[in-house]
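Note sheet for the following structure.
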Amino acid sequence: MKRTSIYLFIFLVLSSCTRPKTALVIQTDFGLKDGAVNAMKGVAFNIDRELLVYDLTHEIPTFDIWTAGYRLYQAAPFWPAGTVFVSVVDPGVGTNRKSIVMQSASGLFFVTPDDGTITLVSDALGITAVREIDEHLNRRPGSEGSFTFHGRDVYMYTAARLAAGKISFEEVGPLLKGKPVLLDYQKPILTDRAVKGNIPVLDVQYGNIWTNVHDSLFSQLHIQPGEPVNVQILYKDSVVFVGHIPYANTFGDVAEKKPLAYLNSLMNFSVAINMGNFADSFRIGSGKDWSIILKKE
Amino acid sequence: MKRTSIYLFIFLVLSSCTRPKTALVIQTDFGLKDGAVNAMKGVAFNIDRELLVYDLTHEIPTFDIWTAGYRLYQAAPFWPAGTVFVSVVDPGVGTNRKSIVMQSASGLFFVTPDDGTITLVSDALGITAVREIDEHLNRRPGSEGSFTFHGRDVYMYTAARLAAGKISFEEVGPLLKGKPVLLDYQKPILTDRAVKGNIPVLDVQYGNIWTNVHDSLFSQLHIQPGEPVNVQILYKDSVVFVGHIPYANTFGDVAEKKPLAYLNSLMNFSVAINMGNFADSFRIGSGKDWSIILKKE
Amino acid sequence: MKRTSIYLFIFLVLSSCTRPKTALVIQTDFGLKDGAVNAMKGVAFNIDRELLVYDLTHEIPTFDIWTAGYRLYQAAPFWPAGTVFVSVVDPGVGTNRKSIVMQSASGLFFVTPDDGTITLVSDALGITAVREIDEHLNRRPGSEGSFTFHGRDVYMYTAARLAAGKISFEEVGPLLKGKPVLLDYQKPILTDRAVKGNIPVLDVQYGNIWTNVHDSLFSQLHIQPGEPVNVQILYKDSVVFVGHIPYANTFGDVAEKKPLAYLNSLMNFSVAINMGNFADSFRIGSGKDWSIILKKE
């Protein structure tokens, strides 16, 4: 008996000791000049000191839900099932917008306002279920009087408890009634020998143009490396750029300061200038109003 | 005998394995462009690989002791007792300013120069004891010839050893003789139907005005949500802004681009423009020379 | 038998539980606005959840190999043997530049393109061996079609597996044939009562001038604290600054807004203005074309 219980004790401690760690990945539009992000991490640390908290970015442009959604889409595929993402870009804080946790088909969790932030990860990863956070049950104790920092008191608190296994996905709250808010954007399409798509984001550090046209669609134009692509870029209905750009495997395939078309690290069609800045040179922006048309010469 | 010693061995290993982790939270005015912050983290890692090092911010304006103190005040309450904070904003490095560790009544430790950095956390959390760092005992071995990077060689080294349990609080050094340096600032007061306070900091990312007037004081003006607050903002003796601003529970209670008064995430009286920037619009700054007067209409 | 196997099981679990953790230190020129750095961390987390990933900086100026090398030089000495550094500043991505892992004599590993990034750590720490990454064996599964993000798919993947002990240094790939690329720069020299050296970098946050003249060389000029140093700063062959600057132990030894010469935290000769910005005041830059000449009066 005694020995059995000692074994049991050892087993239990070892189990907790060797429990696979879960990652909590956070992004905000708070920047890193003030103490808000650190306060959120303190909340998580109070819940479970073993949690591994990773920053995605805290430099989402203020209130820019679209970009918040894009950054989740960009990073999420590289994390294992069970990872919990928290996105606090919340122009609607204090309004009646709902707070949700989306479980993707790939087993990731996204804790955000129900404002469309999950649009791109939903399309890319698939939705298994969306639950509405019950803020009576899932709110940092003592924070009831604070209306303005749901990121810390509701989202981080709920996400950390979910990641730590203190609550199950079901305990987040009931299944969301109706559909989550999803943003409208130009899906990539092939029409009569042309591909049309959207420019969701710029590769900001380098000024490269990223599109939502995946290699699997672009390849239907049968353009080989070394051949030119006929590229048109439009803002709403105005053509901002027209040109023939060589399709290259890599930047080094063209001379410095020359443009190239290539597949970026997500295997999406992109345009850049080798050792230069395409977006600045041709005044290209990104977002739902920017589109691109590709043709074979 | 043999079995007992095996149990003892297992117990000791399990104890070390399951020792609750301590957090080390660091802030500096170094920025993140160079390698100084990373070198500090290497020093901590050399002392204890289990330490969890969290950044507060490294973007304190250069030499701005007041803001350093404010960031500690903003983040510290969210961390558990035992957490060690290191703040390296040190215009007096190499002078005869002392180096201290302050233990708050809430059980947190603050490792900083004795230059007033601890002012706001002292007022908010209470001081249990202040010890002067004995730099002969608590200095990174081999760093004796370096006079200019106490942040790495004294503060981080001492903080990491304290957090790791390699030294006790008493082993930091003797109790500080006399009082620590505390900065002078306008405390919030209620006088004859008006509340006066200080604007310690701006919510820099959004341009919101944060004050040191807590809800518990502001509520004595008996202003209900929806009612206007008569707000005056002064730089020294000059009135910079006067206006009637509605008191709201949350940003969504007013139209876009309209001002509102609200309680921020620390439950302090604040002023903002919904989806706008109050500080830029009215050229409001922060610091000891900025004050605010609030009255009921 | 049974008891023995239980002990063995316990021993194995405890061993894994108490294995000393290895640090993985990363730097890039990606900035932190997008999701690229986080995706790299997800790759590491998938390989080993126990790995401790530390940022050096992600604000290396775009494609600036020299500065990347300098940041490694600045931070690496503070990390213990076994630490793995990854530097992804890679203007040559997709060209035939090689990918290497350098093992320093101090037992650190540096995973980078073979483009000179390792120059300064090689000179400071010594090279034990350089291996060329075999990208057929050491490449993130599923990433074969992506040509442009070696930082994530080759460098981070290889570095994380090396840090986690999933591959040995030998399994990185074969020893590099020939010498690694090393950049040419002005080594510090003593000639006829003058010391000449390079200005590798500015202390960007404060505008201080850092040189590669170590105390051990500078001290041969026999200048005592309080005595002036005759300082000339040149861009190529043009003299940009000439002056007599007092040699001080610390900033507080001179009045505010006055220049001083001092030893920085790496014990290298440096020039600054107390509470001011020397580089801005005298338009001093850094890099291979900037040099400094020091003489005793």
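Chains as they are written, first to last, in the numbering used here: chain A, 39 to 335; chain B, 39 to 335; chain C, 39 to 335. Built from N, CA and C at the ideal position, the CB exists for glycine as well. It should be emphasised that the depicted structure is a prediction, and the values quoted were computed from it without experimental measurement.
DSSP bridge partner residues for residue i (one or two, in chain order)
i, result
"residue 284 of chain A", "A:266"
"residue 235 of chain C", "C:330"
"residue 91 of chain A", "A:62"
"residue 310 of chain A", "A:298"
"residue 244 of chain A", "Bridge partners of residue 244 of chain A: none, in fact."
"residue 276 of chain A", "A:273"
"residue 141 of chain C", "C:147, C:167"
"residue 229 of chain A", "A:232"
"residue 319 of chain A", "DSSP output for residue 319 of chain A lists no bridge partner at all."
"residue 325 of chain A", "A:237"
"residue 260 of chain A", "Answer is none; residue 260 of chain A lacks a bridge partner."
"residue 27 of chain A", "Coverage of chain A is limited to positions 39 through 335, which leaves residue 27 of chain A absent and any answer about it impossible."
Proximal chain B residues relative to residue i, where beta-carbon distance stays under 8 angstroms
i, result
"residue 131 of chain A", "288, 289, 290"
"residue 94 of chain C", "73, 76"
9 angstroms Cβ cut-off: residues of chain A touching residue i
i, result
"residue 87 of chain B", "Residues of chain A passing the Cβ test: none, with the nearest at roughly 14 angstroms."
"residue 147 of chain C", "Simply none; closest approach about 22 angstroms."
Interface partners of residue i on chain C, CB under 7 angstroms
i, result
"residue 97 of chain A", "70, 71"
"residue 113 of chain A", "73, 76, 77, 80"
"residue 59 of chain A", "87"
Assumed close pair residue i, residue j - CB separation to whole angstroms, cut-off 8 angstroms
i, j, result
"residue 309 of chain C", "residue 297 of chain C", "7 angstroms"
"residue 78 of chain B", "residue 98 of chain B", "Wrong, their Cβ atoms sit about 14 angstroms apart, outside the cutoff."
"residue 162 of chain C", "residue 86 of chain C", "Incorrect: roughly 29 angstroms between the Cβ atoms, too far for contact."
"residue 96 of chain C", "residue 75 of chain C", "6 angstroms"
"residue 152 of chain C", "residue 210 of chain C", "Incorrect: roughly 13 angstroms between the Cβ atoms, too far for contact."
"residue 82 of chain C", "residue 198 of chain C", "4 angstroms"
"residue 287 of chain C", "residue 263 of chain C", "5 angstroms"
"residue 167 of chain C", "residue 146 of chain C", "The pair is not a contact, with the Cβ atoms about 12 angstroms apart (cut-off 8 angstroms)."
"residue 226 of chain A", "residue 250 of chain A", "5 angstroms"
"residue 140 of chain B", "residue 171 of chain B", "The pair is not a contact, with the Cβ atoms about 11 angstroms apart (cut-off 8 angstroms)."
"residue 228 of chain A", "residue 258 of chain A", "6 angstroms"
7 angstroms Cβ cut-off: residues of chain B touching residue i
i, result
"residue 100 of chain A", "243, 244"
"residue 190 of chain A", "303"
Beta-carbon neighbours of residue i, restricted to chain B and to distances below 9 angstroms
i, result
"residue 63 of chain C", "76, 79, 80"
Chain-ordered chain C contacts of residue i [CB-CB under 8 angstroms]
i, result
"residue 84 of chain B", "116, 117, 118"
"residue 67 of chain B", "243"
"residue 169 of chain A", "Within 8 angstroms Cβ-Cβ: nothing; residue 169 of chain A doesn't reach chain C, min ~24 angstroms."
Residue i beta carbon near the ligand ADP (any heavy atom closer than 6 angstroms)
i, result
"residue 247 of chain C", "Looking for the ligand ADP in the displayed structure turns up nothing, as the structure carries no ligands at all."
Where residue i meets chain A, residues with beta-carbon distance less than 7 angstroms
i, result
"residue 187 of chain C", "303"
Contacts of residue i in chain C (Cβ-Cβ under 9 angstroms)
i, result
"residue 109 of chain A", "71, 72, 73, 76"
- Message: Please identify, using Cβ separations under 7 angstroms, the residues of the stretch 115 to 142 of chain B that lie next to chain A, in order along the chain.
- Response: 116, 117, 118
- Query: Hey, which unbroken runs of the beta strand (DSSP E) at 3 residues or more fall wholly within the stretch 152 to 194 of chain A?
  - Reply: 165 to 170
- In the stretch 294 to 306 of chain C, which residues sit with their C-beta less than 9 angstroms from some C-beta in chain B, listed in chain order? 300, 301, 302, 303, 304, 305
- Query: the stretch 306 to 317 of chain A: which residues have C-beta closer than 8 angstroms to a C-beta of chain C, in chain order?
  - Reply: 313
- Query: Which runs of the alpha helix (DSSP H), 4 residues or longer, sit entirely within the stretch 79 to 135 of chain B?
  - Reply: 103 to 113
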